[in-house]
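Sequential numbering of the sequence shown, starting at 9, is according to the numbering used here.
Built from N, CA and C at the ideal position, the CB exists for glycine as well.
Quick caveat: nothing in here was measured; it's all calculated off a predicted structure.
See below for the structure under consideration.
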Amino acid sequence: MNTTTNRRNFIKTTAAAGLGLSIIPSGIVFGKDKDTKVRLGFIGVGLRGQSHLELALKRTDVDVVAICDIQQRMIDMSLKLVTESGKPKPQVILEGVQGYKKLLENKDIDAVVIATPWEWHSIMCLDSMNAKKYVGCEVNVGMTVEECWELVHTSERTGMPLMMLENVCYRRDVMAVLNMVRQNVFGELIHLQGGYQHDLREVKFNNGKTDGGIGAEFGEKGFSEAEWRTQHSVYRNGDLYPTAWCWSCCHDGRHQPRQSFYPISFLFIKSPWVT
Ligand SMILES: NC(=O)c1ccc[n+]([C@@H]2O[C@H](COP(=O)([O-])OP(=O)(O)OC[C@H]3O[C@@H](n4cnc5c(N)ncnc54)[C@H](O)[C@@H]3O)[C@@H](O)[C@H]2O)c1
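This is the structure in structure tokens:
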């Protein structure tokens, strides 16, 4: 990494890259003509994976080839979505924590969407790129700096792209602020600061049957993220989920006022208003 990177150029270019990703047509990413379908495999079809699955099932240019999870109830919920969509039933892999490797052996799959607990992301991304799959992986893709570098090096070595599926940076309000920054509304930015400040009680605790904040179970008695995410907060100290605000660092915004707030403070110099 070039440690002498100019911070101002970094802010400008990363902002531009964020916008660019959202406008690249999928046909270019896969290097095929627009009539070619993208064939997807889903690793982890919990609540987030099902949300991705539901979107994929709506598309006419996507085939859902396989789904993989370690819980029967998540597979059942996913298959219900497939049935409702009228699309063909995918290959189902329910073979324990290493079962995803079987999905990666499927040569009919171009790309995988990974939405498993954080501790699985890095190894699943590495295995997927090594299996020559394009990868979209939920945040965070790595839990240590070393893991992140290994992902970079593996992507370079295999030539397979890895996209971290951060979405906050593409929210309408966040994009609006990005647009204002690009139009120099604020003047020159020299300092960006943010933080992830969610009230996550409804995510980290539930009744073990549904999400939505009823109940106080977590760990092996919890459902969805309460089953695994709460443990991270018990045993780790720090900003455990930095990408939402970090990737949005040129933006600020609020949604679901009670639950979510991504505060960004800007310090401007050379702006029209500050002398
Ligand atoms: N970008 C966003 O807005 C957003 C929103 C929600 C969740 N997420 C992220 O999505 C990811 C998944 O979160 P979720 O809410 O779906 O949690 P979840 O617990 O509902 O789903 C995780 C799924 O992974 C499965 N799983 C665990 N180990 C596995 C393995 N070895 N192989 C296959 N499947 C395995 C679990 O059985 C579960 O079904 C997390 O990284 C989370 O931070 C992102």
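Can you give the Cα-Cα distance for residue i and residue j, rounded to whole angstroms?
{"i": "residue 151", "j": "residue 185", "result": "29 Å"}
{"i": "residue 145", "j": "residue 159", "result": "12 Å"}
{"i": "residue 178", "j": "residue 252", "result": "10 Å"}
{"i": "residue 218", "j": "residue 63", "result": "21 Å"}
{"i": "residue 258", "j": "residue 189", "result": "Confidence in residue 258 is poor, its pLDDT being 47 and thus under 50, which makes the residue's placement unreliable; the coordinate value appears in the next sentence. Residue 258 and residue 189: Cα-Cα distance of roughly 7 Å."}
{"i": "residue 138", "j": "residue 172", "result": "17 Å"}
{"i": "residue 166", "j": "residue 141", "result": "10 Å"}
{"i": "residue 181", "j": "residue 254", "result": "16 Å"}
{"i": "residue 245", "j": "residue 239", "result": "11 Å"}
{"i": "residue 216", "j": "residue 230", "result": "4 Å"}
{"i": "residue 223", "j": "residue 67", "result": "36 Å"}
{"i": "residue 250", "j": "residue 69", "result": "33 Å"}
{"i": "residue 206", "j": "residue 243", "result": "19 Å"}
{"i": "residue 117", "j": "residue 132", "result": "15 Å"}
{"i": "residue 175", "j": "residue 183", "result": "11 Å"}
{"i": "residue 237", "j": "residue 226", "result": "9 Å"}
{"i": "residue 80", "j": "residue 198", "result": "50 Å"}
{"i": "residue 187", "j": "residue 208", "result": "30 Å"}
{"i": "residue 274", "j": "residue 83", "result": "The pLDDT assigned to residue 274 is 32, lower than 50, so where the model puts this residue is not dependable, and the model offers no usable value."}
How should residue i be labelled, buried or exposed, when 16 other C-beta atoms within 10 angstroms of its C-beta is the threshold for buried?
{"i": "residue 192", "result": "exposed"}
{"i": "residue 200", "result": "buried"}
{"i": "residue 108", "result": "buried"}
{"i": "residue 214", "result": "buried"}
{"i": "residue 77", "result": "buried"}
{"i": "residue 127", "result": "exposed"}
{"i": "residue 149", "result": "buried"}
{"i": "residue 129", "result": "buried"}
{"i": "residue 115", "result": "exposed"}
{"i": "residue 153", "result": "exposed"}
{"i": "residue 235", "result": "buried"}
{"i": "residue 162", "result": "buried"}
For residue i, does the three-state DSSP call read helix, strand or coil?
{"i": "residue 3", "result": "The first residue shown for the chain is 9 and the last is 283, placing residue 3 beyond what the model contains."}
{"i": "residue 244", "result": "coil"}
{"i": "residue 131", "result": "helix"}
{"i": "residue 139", "result": "coil"}
{"i": "residue 252", "result": "helix"}
{"i": "residue 119", "result": "strand"}
{"i": "residue 144", "result": "strand"}
{"i": "residue 113", "result": "coil"}
{"i": "residue 35", "result": "Because the pLDDT at residue 35 is just 43, under 50, the model does not fix this residue reliably, and the value given afterwards should be weighed accordingly. The answer is helix: DSSP assigns residue 35 an H, G or I state."}
{"i": "residue 238", "result": "helix"}
I think residue i touches residue j, with their Cβ atoms under 8 Å apart; what is that distance to the nearest whole Å?
{"i": "residue 123", "j": "residue 52", "result": "4 Å"}
{"i": "residue 102", "j": "residue 74", "result": "Contact flag wrong, Cβ pair sits at about 11 Å."}
{"i": "residue 143", "j": "residue 168", "result": "7 Å"}
{"i": "residue 232", "j": "residue 89", "result": "No, residue 232 and residue 89 are not in contact; Cβ-Cβ is about 16 Å, not under 8 Å."}
{"i": "residue 97", "j": "residue 71", "result": "With 8 Å as the limit, residue 97 and residue 71 do not qualify as a contact, their Cβ atoms being about 12 Å apart."}
{"i": "residue 135", "j": "residue 204", "result": "Wrong, their Cβ atoms sit about 28 Å apart, outside the cutoff."}
{"i": "residue 48", "j": "residue 119", "result": "6 Å"}
{"i": "residue 93", "j": "residue 58", "result": "Not confirmed; about 12 Å, so no contact."}
{"i": "residue 221", "j": "residue 210", "result": "3 Å"}
{"i": "residue 50", "j": "residue 121", "result": "5 Å"}
In the stretch 148-230, which residue ranges form an unbroken beta strand (DSSP E) of at least 3 residues, counting only runs that do not cross its ends? 170-172, 196-202
List in chain order: all unbroken beta strand (DSSP E) runs of 3+ residues lying wholly within the stretch 42-107. 46-51, 70-76, 99-101
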